[in-house]
Structure formats: C-alpha cells, structure tokens
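This report refers to the structure that appears directly beneath it.
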Amino acid sequence: MELSLVITNDFIIKLRPDLAPDTCLLIWELAQKVDCPSCKFYRHEPVPLEWGKDGFYGPPYALLQGSLADLARQPPFENEAKTAVKKGHVCMIPGCKEFFIATADHPEWGHSHTIWGEVEDLSAEPNYPFEPFHSATNKDNITTRWLDNSYPFKLTAVEPVVSESGSSGGGRAGGQGLTAGPSTATASAVTGADVLLDPMGGTVE
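So, in structure tokens, the structure goes:
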C-alpha cells in the first residue's frame, strides 16, 4: 500500500515510512485535520549553475523550505538507513517542525536529515517565486535567502483506491483543501511493513 500527500495540487509527496515511520504518521495525522494555518513556504533558493562542481554546493542552496508548525509534536530524528538527501526528497530540519523539498542532490549534508517523503515531479516548483527576498548571514558567515512574502499551502491526504479484486490502483484525495475527511487509512497502514515503496540509493542553515 502506498500513501501520499498533495500540496495545493502542486506536489504529490509519496510518503516514505520505510525511512521515517514516526514522522510519516505525524504528518499523515496533520493532513487529516480541518486546517493547517501554519502550513506555508517562506524560503526558496535556486540551483546554481555550478552546483556540485569542484565541491561547490551553494549559496544559493537548492531547496524550497516551509513550515509544518501545526504538527502535534516535534518529529524525532529518523535516519537509521543513513540515506543522503537526493533531489526530490522531502526532509525535516532537525530539532524543529520545519521542512524542505530538495531541488538538487545534497551530498554535502551527509545523513543529517529525516527523509519522510519524495516528490517525483518537481515541475510545479516555479509556481513559488525566488524573489523578492532578503539575505541573512549567521555567525558562521553562511548567507541564506528568505522570501519577503510567505505562501500558504493546503495539505491533503491521498489514500490508495482498493478495487473489488483487492488490488490497489491510483488514489483519491481524502477531502478538499485541508480537509482530508473520513479516512480508512490507519496508523498501521502508515507504519506497517506492508507499505511497498521503492528504496532510494546536512543541516539547512
């Protein structure tokens, strides 16, 4: 069984409970709620032309970052598989409820993030602007970009549709907008070993 989330009809995120079961369950539960007022994107950094050449990995830092501040609790760190961040991976930033979608491979971050989903089609990324933005430089002299405006998104749970023969095919949104509606998906469906996903194979300032 494969479970997914939809962000405002822009991104379909395939959950990866094989990599982060507790985090996937928390986010799936959030998608079942009536609203998510804190769900928004607020940082978008492009992929520079020389990305990865001679060890160059920014700035800018090739990501779309947002908030899931309405999660019931802060997700734990989960990366027992020591999976490196790849293009399309959806990851939690350690120690908070913020996340990002990687728009390029990030070998420079090692195994320092919880990878809880993946986006196979990033064609909707340009729907979120790169500017206007302001820059901030931290004590380690790392400069990052922050959008002047934030962009709210809607989070919708998508369940697999099970046919009369018992096989699953496609999926249906669990509701409109942020409302996932009555769901037949259970915690065991999110965390159980029967979730069949293709296996793939540091810190955001």
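Residue numbers (our numbering): 846 to 1050.
Cβ atoms here follow ideal geometry from the backbone N, Cα and C, with glycine treated the same way.
Computed from a predicted structure; not experimentally measured.
Whole-angstrom distance between residue j and residue i, CA atom to CA atom
i: Ala949; j: Pro893; result: 10 Å
i: Ala914; j: Ile872; result: 11 Å
i: Ile858; j: Leu1000; result: 10 Å
i: Glu925; j: Leu864; result: 8 Å
i: Cys869; j: Gly962; result: 8 Å
i: His956; j: His889; result: 22 Å
i: Ala1018; j: Ala876; result: Low confidence applies to Ala1018: its pLDDT is 38, below 50, so where it sits in the model is not reliable, and the reading given next is rough at best. Distance between the alpha carbons of Ala1018 and Ala876: 10 Å.
i: Asp993; j: Phe978; result: 5 Å
i: Arg918; j: Glu874; result: 11 Å
i: Gln910; j: Phe886; result: 6 Å
i: Asn983; j: Glu976; result: 20 Å
i: Pro866; j: Thr928; result: 14 Å
i: Ser883; j: Pro997; result: 8 Å
i: Tyr906; j: Lys898; result: 14 Å
i: Pro920; j: Asp855; result: 24 Å
i: Asp880; j: Arg861; result: 23 Å
i: Pro891; j: Lys878; result: 32 Å
i: Leu916; j: Ala981; result: 27 Å
i: Ile946; j: Leu908; result: 6 Å
i: Gly940; j: Glu895; result: 30 Å
i: Trp954; j: Trp991; result: 20 Å
i: Met937; j: Glu923; result: 9 Å
i: Ile960; j: Phe944; result: 10 Å
i: Pro851; j: Ser995; result: At residue 851 the sequence reads Val, which differs from the Pro that was named. The alpha-carbon atoms of Val851 and Ser995 are separated by roughly 19 Å.
i: Tyr902; j: Asp985; result: 16 Å
i: Lys942; j: Ser912; result: 6 Å
i: Pro952; j: Pro904; result: 15 Å
Residue i in three-state terms, based on DSSP
i: Glu976; result: coil
i: Glu965; result: coil
i: Gly1014; result: Here Gly1014 scores only 48 on pLDDT, less than 50, and its place in the model is too uncertain to base an answer on.
i: Gly1019; result: Here the model assigns Gly1019 a pLDDT of 33, short of 50, so the residue's position is not dependable and the matter cannot be decided.
Where the beta strand (DSSP E) containing residue i begins and where it ends
i: Gly955; result: Per DSSP, Gly955 belongs to no beta strand (DSSP E) and is neither H nor E.
i: Ala947; result: 943 to 947
i: Leu992; result: 988 to 992
ask   = Which parts of the stretch 853 to 938 are runs of the beta strand (DSSP E), unbroken and 3 residues or longer, counting only runs that do not cross its ends?
value = 856 to 860, 885 to 890, 908 to 912, 934 to 937
task = Would you check if there are 3 or more beta carbon pairs closer than 8 Å linking the stretch 960 to 975 to the stretch 928 to 935?
result = yes
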